[in-house]
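Its first residue numbered 5, the sequence shown is counted upward by one per residue in the numbering used here.
Reading through the structure tokens given below for one structure.
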Amino acid sequence: MQKYSFFALTMLLAGCGGGGGGGDNPPQQANDSARYQTNQLKVDVNFEVYEDGKAEVTAYARETVNKDYIPLGAGDSISLSANGRTQNLVATKEESIEGSGISGGEYYELVTEGSYPEYTVTFSRANPSFSDAASINQSDIPTPFTLQGSFSNEVIDLTWSEEADHYYVVLGPIFVCDSGATVRVISAPPQLEDFNGSYSKSLQEIFGQNQSELTQGDSGCLIEVSVAAYRSGASNSSEVVNIYVSQDRFASFDVN
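Laid out in structure tokens, this is it:
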């Protein structure tokens, strides 16, 4: 799956503004977290558990005035503690893709096991010394589910079993066409509604285009979609760190 696609969509779901800062800042002055007081910063974290039992932890830092996502500055870090081990999340660059609604930026990630009793995400600053942490345990992780999907006659059909006290979000679908030289991505916004365990929409409904209009004669085109389950009313936040915990399932369909 394309990491940039689904993490960007999930951050939209969380209600966090994205986008590039800069504005009136001098070009030589980096707009990173070190420029802000800790009470002007938030760290938004997705803790996503997958079907194979792995958990992917991804985080963005943002400043709270314009809500722009920013890279970590010197002396700032985001770490995960679990099973007696602490590791820093690794910086990863998300490229901006024209026409996709994906603005790009820098995020921080780490893959771990999804079965440990407790996880703690910590934002730390070396000077002046500061740390803030939020924790989750197994009771915060939504119940696993199985996603079944099909693509026929330009219609995407998805089904899954829903649990009480959970809500479900369809992330995407996302159309991806990779010719090797260029990548085209078209994404639909996150959809939060009462699905009752099923989703059925045509390409025309989702993207406003049919299959031939989307592919434009290119090969190597896919439609990717994710369904994420969350526990209703869950809150895993501290002063700086917000953790959004989900079970995620994926489906991918060839469209050539």
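Positions of the beta carbon are idealized from the N, C-alpha and C atoms, including for glycine.
Note on ARG129: 16 or more other CB atoms within 10 angstroms of its CB, so buried under the neighbour-count rule. Beta-bridge partners of ILE247 (DSSP): VAL49.
If the five residues before and after ILE227 are omitted, its C-beta is found closer than 6 Å to the C-beta atoms of PRO177, PHE179, PHE257 and VAL259, all from its own chain and listed in chain order. Per DSSP, the continuous alpha helix (DSSP H) segment holding SER216 begins and ends at 215 to 219.
Cβ-Cβ separation between THR96 and GLU113: approximately 5 Å, consistent with a contact (criterion under 8 Å). Setting aside the 5 residues that flank it on each side, ALA63 is surrounded in the same chain by VAL47, ASP48, VAL49, ASN50, ILE82, LEU93, TYR111, TYR112, GLU113 and VAL125, each with a C-beta closer than 8 Å to its C-beta; the list follows chain order.
For LEU207, there is no enclosing beta strand (DSSP E); the enclosing alpha helix (DSSP H) has its first and last residue at 207 to 211. Within the region 83 to 143, the complete beta strand (DSSP E) runs of at least 3 residues fall at 89 to 92, 94 to 98, 109 to 117, 122 to 129 and 134 to 141.
Judged by DSSP secondary structure, ALA192 falls outside any beta strand (DSSP E); it is assigned neither H nor E. When the alpha-carbon of ASP136 is set against those of ARG253, GLN251, VAL245 and ALA255, the nearest one is in VAL245.
Note that the C-beta distance between GLN208 and ASN214 is below 7 Å.
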